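S.K.:
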Amino acid sequence: FSKGLTFVNATSDEKEFSYVCRSGKTNKVSVHYKEKVITTKVDDLLMDVTFRALNDGYGFQYTFRKEDASVSSLIWENEFTEFNLPIDSTTYGMDYVPNKTDKGTFYSYEEQYLTRPVLDIDYVSKVSFPFGYDANGYYSFITESALMGSGYHGSFLQKNDKGILATVEAPASGTDPDYSVALPFTSPWRVSCVGSYATAVETTIVEDIQGDIQEYVPEGESNNADYYDWVEPGPAAWNWYLHPNDQADYDLQKTYIDLAKDMGWKYTILDGGWEGNHSFSEQKELIDYAHNNGGKKLKVIVWAETMDKFGNEAKMRRTLDYYHELGVDGLKVDFWDGQQHTGLPHQMEDKQTIKQYDDFYKMTAEYHMVVNCHGCNKPTGEKRKYPHIINREAIFGNEMGRVFSDQGPINTVLRAAVGPTDFTPVVLPSEYDVTVGYQMALTVLYESGLPSMADLDETYRKDLYKDYFSRLPAAWDKTKFIDGTPKTYVVVARKKGDNWWVGGVTASKERNITVDLSFLDVGSNYSATFYTDNGSRGREATIEKETEIVTSTTKKLIHLSSQGGFAIELIKQQ
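Residues are numbered in the numbering used here as their position in the sequence shown, beginning at 1, plus a constant of 114.
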């Protein structure tokens with residue numbers, strides 16, 4: 115399908131539609147695109163290439179079918195999709211760096227994004243999606259969409275012999291990869307946002323490119339007008355970061371259940387090892403404590419290992435039946451890359467693992483359980499079809515013990531621009547890390563349908579932080595990029611109801627930033643609480659807190675320490 119093609123026809127169309135986001139950077143989305151489908155033929159096989167142009171980018175996908183519509187199959191060898199960037203482009207990409215253990219080689223999208231000229235990308239490195247670049251005054255990112263359910267594998271980029279970035283199969287697949295595709299076959303979308311940094315931060319193109327699709331509804335539920343009304347984005351109390359070996363201590367878990375209720379959060383997370391030697395009745399008693407104690411129902415997320423608990427359909431059903439009987443409300447499913455096992459027939463992003471994701475999403479929808487994937491691949495717009503997939507790792511977060519200041523601006527316009535990020539926010543940074551202001555800013559800069567609040571119980575209860583973290587939303591009505599670049603600093607504002615939150619970080623050096631609040635409603639007063647750096651560092655660090663009345667005409671000068679940041683909470687006055 116790369117040469118010897120006979121042109122058949124071309125058709126054009128134009129469509130408009132809208133949909134509601136249950137979690138993410140905006141709640142209501144209106145989409146308009148123009149479409150052209152070009153059909154070519156080789157022997158008795160047809161290939162349709164569907165192109166869609168939107169206001170904020172483009173996408174294309176391939177469909178292969180038999181001319182007589184009969185069923186057949188093909189063996190996929192190579193994909194010849196290429197992205198030919200201008201030679202003076204600056205790129206932002208995460209190289210494939212294999213995680214080698216005694217059990218094999220694994221990868222889960224948790225490396226640093228590198229900034230380099232496109233000419234400096236070598237011919238050996240495989241670079242993951244999403245991939246960003248600056249060229250000719252524009253910013254663009256490239257990624258893939260609708261991977262789940264496609265019957266295809268995940269993809270990376272690699273320079274070919276022409277020096278052009280070609281689409282290649284994701285590495286670190288299992289021992290028995292399957293390259294067959296049944297006809298008719300439609301590939302995932304290759305999608306690109308094009309415009310400015312603001313375009314990237316505000317876009318929903320990874321979901322929009324899929325068209326006017328329907329949310330998945332389990333069989334027998336087709337008459338349910340709002341099947342996913344049980345999906346609730348919200349912060350979660352998560353104590354594994356500072357108590358990794360104490361998850362089976364149910365007194366500790368009750369402390370964080372109480373914290374979550376007092377903070378008004380939606381969830382608590384019981385992480386790896388939470389079952390311990392506890393009986394079913396003891397486990398259920400803890401979950402009932404979260405659901406019923408104090409008259410505030412708190413939802414419970416439990417951790418589980420992917421291949422052991424969900425490695426095939428029978429395991430999925432057995433595990434979900436057990437958790438359903440316990441009363442579990444959601445799952446944090448880890449090690450999709452397979453790193454707990456030796457010699458897996460499939461892992462990471464090969465075709466079989468992508469199918470496992472899809473089967474898992476469908477089955478968890480039946481049980482009304484929200485999902486947070488860990489040790490996993492990047493988001494590919496699955497929340498559009500499966501709204502209960504509200505969070506995803508595939509990012510270097512605080513779980514690693516620290517974050518790097520230069521990654522905040524890049525992640526904001528690249529990784530966080532394509533879907534949710536479980537970056538596990540903390541308040542107090544590690545000793546060699548960024549400032550408190552930087553950490554607080556990340557809660558605004560990064561989309562996350564289930565922010566896993568990772569600091570100590572007593573930290574969140576302090577007057578200095580309690581108001582901010584108790585009112586912080588996890589799903590937004592509107593997102594607005596304010597200022598910055600991937601290499602210097604970035605400032606973003608997000609709205610929920612009548613109120614706004616603003617976050618900003620600097621990549622490295624100390625700087626002063628003027629924040630223009632002209633996005634606020636004209637003629638209204640807002641009570642603005644500013645959280646700004648004071649030069650302190652490490653787990654004993656603090657922050658300056660100041661409240662004043664502001665309007666849409668206010669321009670606030672804010673000082674950021676080296677590797678610093680700030681957050682603002684803006685409450686509209688009635």
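For glycine and all other residues, C-beta sits at the position ideal for the given N, C-alpha and C.
Please read these numbers as outputs of a predicted model, since none were measured by experiment.
1) One question on the structure: do valine 485 and valine 447 come within less than 8 angstroms of each other, judged by their Cβ atoms?
2) Could you round the C-beta distance between alanine 183 and lysine 150 to whole angstroms and report it? I think they count as a contact, below 8 angstroms.
3) Return the CA-CA distance between glutamate 507 and alanine 588, expressed in angstroms with no decimal places.
4) Could you name the residues of the same chain whose beta carbon sits closer than 6 angstroms to that of leucine 528, not counting the 5 residues immediately before and after it, in chain order?
5) Note down the Cα distance separating leucine 233 from proline 459, rounded to an integer number of angstroms.
6) How would you call phenylalanine 537, buried or exposed, if buried means at least 16 neighbouring beta carbons within 10 angstroms?
7) Suppose you measure from the CA of serine 269 to the CA of leucine 261; what does that come to, to the nearest Å?
8) Among Ala280, Pro200, Asp248, which has the Cα closest to the Cα of tyrosine 237?
9) Compare the C-alpha of isoleucine 189 against each of Ser676, Phe299, Thr154, Ser242 and name the closest.
10) What are the boundary residues of the alpha helix (DSSP H) that isoleucine 524 is part of?
11) According to DSSP, simplified to helix, strand and coil, what is alanine 530?
12) Whole angstroms is fine: what's the gap from glutamate 654's alpha carbon to aspartate 290's?
13) From glutamine 470 to glycine 425, what does the alpha carbon distance come to, in whole angstroms?
14) If you pair each beta-carbon of the segment 159 to 178 with each one of the segment 301 to 308, do three or more pairs fall below 8 angstroms?
15) So what does DSSP say about alanine 314, is it helix, strand or coil?
16) Expressed to the nearest angstrom, what Euclidean distance is found between the alpha-carbon atoms of glutamate 513 and proline 493?
17) Taking 8 angstroms as the threshold (C-beta atoms), are lysine 375 and alanine 350 in contact?
18) With DSSP collapsed to three states, give me the class of isoleucine 319.
19) Is the distance from the Cβ of isoleucine 415 to the Cβ of leucine 445 below 8 angstroms?
20) Would you kindly check if the distance between the Cβ of glycine 679 and the Cβ of glycine 617 is under 8 angstroms?
21) Give the DSSP bridge partners of phenylalanine 270, in chain order.
22) Among Asp520, Gly563, Asp473, which one has its Cα closest to the Cα of asparagine 505?
23) Do the segment 196 to 203 and the segment 335 to 353 touch if we need at least three Cβ pairs shorter than 8 angstroms?
24) Compute the Euclidean distance between the alpha carbons of valine 211 and valine 295, then round it to the nearest angstrom.
25) What are the start and end residues of each continuous alpha helix (DSSP H) run of 4 or more residues lying completely inside the segment 345 to 398, in chain order?
26) What is the DSSP secondary structure of methionine 262, counted as helix, strand or coil?
27) Whose CA, out of Gly495, Arg585, Gly218, Asp157, lies closest to the CA of glutamine 454?
28) Is there contact here, the segment 509 to 523 with the segment 555 to 569, by at least three beta-carbon pairs under 8 angstroms?
29) Ignore the nearest five residues each way along the sequence and tell me which others in valine 604's own chain have a CB closer than 6 angstroms to its CB.
30) Please identify the residue among Asp157, Ile152, Gly171, Asp170 whose C-alpha is closest to the C-alpha of valine 163.
31) Please look up how many angstroms separate the CB atoms of leucine 168 and isoleucine 319, rounded, as I've assumed it's under 8 angstroms.
32) Can you give me the C-alpha to C-alpha distance between glutamate 545 and glutamate 130, rounded to a whole angstrom?
33) Sorted by chain position, which residues of the same chain lie with C-beta nearer than 8 angstroms to tyrosine 96's C-beta, five sequence neighbours on each side aside?
34) Of all the alpha helix (DSSP H) runs that stay within the bounds of the segment 398 to 471, which reach a length of 4 or more residues?
35) Have a look at Thr628, Ser222, Met554, Pro534 and flag the residue whose alpha-carbon is nearest the alpha-carbon of histidine 502.
36) Span of the alpha helix (DSSP H) holding leucine 559?
M.R.: Short version:
1) On the sequence shown, residue 485 is found 371 positions in, with the first residue counted as 1. On the sequence shown, residue 447 is found 333 positions in, with the first residue counted as 1. A contact, by the Cβ cut-off of 8 angstroms.
2) Numbered from 1 along the sequence shown, position 69 holds the residue referred to as residue 183. Numbered from 1 along the sequence shown, position 36 holds the residue referred to as residue 150. At roughly 23 angstroms, the Cβ-Cβ gap does not stay under 8 angstroms, so alanine 183 and lysine 150 are not in contact.
3) Sequence index remark: in the sequence shown, residue 507 carries index 393 (1-based). Sequence index remark: in the sequence shown, residue 588 carries index 474 (1-based). For glutamate 507 and alanine 588, the gap between their C-alpha atoms comes out near 15 angstroms.
4) Position 414 of the sequence shown, counted from the first residue, corresponds to residue 528. Around leucine 528: Tyr206, Pro244, Gly246, Phe255.
5) Position 119 of the sequence shown, counting from 1, holds the residue named residue 233. Position 345 of the sequence shown, counting from 1, holds the residue named residue 459. Approximately 36 angstroms between the Cα atoms of the pair.
6) Here residue 537 is taken as the residue at index 423 of the sequence shown, counted from 1. Residue environment: phenylalanine 537 is assigned as buried (16 or more neighbouring CB atoms within 10 Å of its CB, all protein chains considered).
7) The residue you call residue 269 lines up with position 155 of the sequence shown. The residue you call residue 261 lines up with position 147 of the sequence shown. In a straight line, the C-alpha of serine 269 is about 9 angstroms away from that of leucine 261.
8) Within the sequence shown, residue 237 is the residue found at index 123, counting from 1. It is Ala280.
9) Here residue 189 corresponds to residue number 75 of the sequence shown, with the count starting at 1. Ranking Ser676, Phe299, Thr154, Ser242 by Cα distance to isoleucine 189 puts Phe299 first.
10) Position 410 of the sequence shown, counting from 1, holds the residue named residue 524. Residues 521 to 527.
11) Along the sequence shown, one-based indexing puts residue 530 at 416. Coil, per DSSP.
12) Counting from one through the sequence shown, the residue named residue 654 turns up at place 540. Counting from one through the sequence shown, the residue named residue 290 turns up at place 176. Between glutamate 654 and aspartate 290, the C-alpha separation is close to 50 angstroms.
13) For the purposes of this step, residue 470 is taken as the residue at position 356 of the sequence shown. For the purposes of this step, residue 425 is taken as the residue at position 311 of the sequence shown. Those two C-alpha atoms are separated by around 7 angstroms.
14) yes
15) Position 200 of the sequence shown holds residue 314. In the three-state reduction of the DSSP assignment, alanine 314 falls in the helix class.
16) Position 399 of the sequence shown, counted from the first residue, corresponds to residue 513. Position 379 of the sequence shown, counted from the first residue, corresponds to residue 493. Linking glutamate 513 to proline 493 through their CA atoms gives a straight-line distance of about 19 angstroms.
17) As a first step, residue 350 must be located in the sequence shown, where it is residue number 236. As a first step, residue 375 must be located in the sequence shown, where it is residue number 261. Not a contact, by the Cβ cut-off of 8 angstroms.
18) Locating residue 319 in the sequence shown gives position 205, where the first residue counts as 1. In this structure, isoleucine 319 counts as helix in the three-state DSSP scheme.
19) One-based indexing of the sequence shown puts residue 415 at position 301. One-based indexing of the sequence shown puts residue 445 at position 331. For isoleucine 415 and leucine 445, yes; Cβs fall inside 8 angstroms.
20) What you label residue 617 is simply residue 503 of the sequence shown in a count that begins at 1. What you label residue 679 is simply residue 565 of the sequence shown in a count that begins at 1. A contact, by the Cβ cut-off of 8 angstroms.
21) By one-based count along the sequence shown, residue 270 stands at place 156. Phenylalanine 270 pairs with Ser242, Val282.
22) Reading the sequence shown from its first residue, position 391 is the one you call residue 505. Looking at the Cα atoms, Gly563 is the closest of the given residues.
23) no
24) Residue 211 sits at position 97 when you count from the first residue of the sequence shown. Residue 295 sits at position 181 when you count from the first residue of the sequence shown. Taking the straight line from one Cα to the other gives about 29 angstroms.
25) Within the segment 345 to 398, the runs of alpha helix (DSSP H) at least 4 residues long that lie entirely inside it are, in chain order, 364 to 377.
26) Residue numbering aside, residue 262 sits at position 148 when the sequence shown is read from its first letter. Looking at methionine 262 - three-state DSSP - the assignment turns out to be coil, as it is neither helix nor strand.
27) Locating residue 454 in the sequence shown gives position 340, where the first residue counts as 1. Nearest of Gly495, Arg585, Gly218, Asp157 to glutamine 454, Cα basis: Gly218.
28) yes
29) Sequence index remark: in the sequence shown, residue 604 carries index 490 (1-based). So the list reads Pro523, Thr526, Gly598, once near-sequence residues are dropped.
30) Along the sequence shown, one-based indexing puts residue 163 at 49. The residue with the shortest Cα to Cα distance from valine 163 is Ile152.
31) Your numbering for residue 168 matches position 54 in the sequence shown. Your numbering for residue 319 matches position 205 in the sequence shown. Right, the Cβ-Cβ distance comes to about 6 angstroms (below 8 angstroms), so this counts as a contact.
32) In the sequence shown, counting from the first residue as 1, residue 545 sits at position 431. In the sequence shown, counting from the first residue as 1, residue 130 sits at position 16. Looking at the two C-alpha atoms, the distance is approximately 51 angstroms.
33) Summary: the structure shown does not reach residue 96, with the chain confined to residues 115 through 688, and so no result is reported for it.
34) 420 to 424, 427 to 440
35) The sequence position of residue 502 within the sequence shown is 388, counting from 1. The shortest Cα separation from histidine 502 among Thr628, Ser222, Met554, Pro534 belongs to Pro534.
36) What you label residue 559 is simply residue 445 of the sequence shown in a count that begins at 1. Segment 550 to 559, the alpha helix (DSSP H) holding leucine 559.
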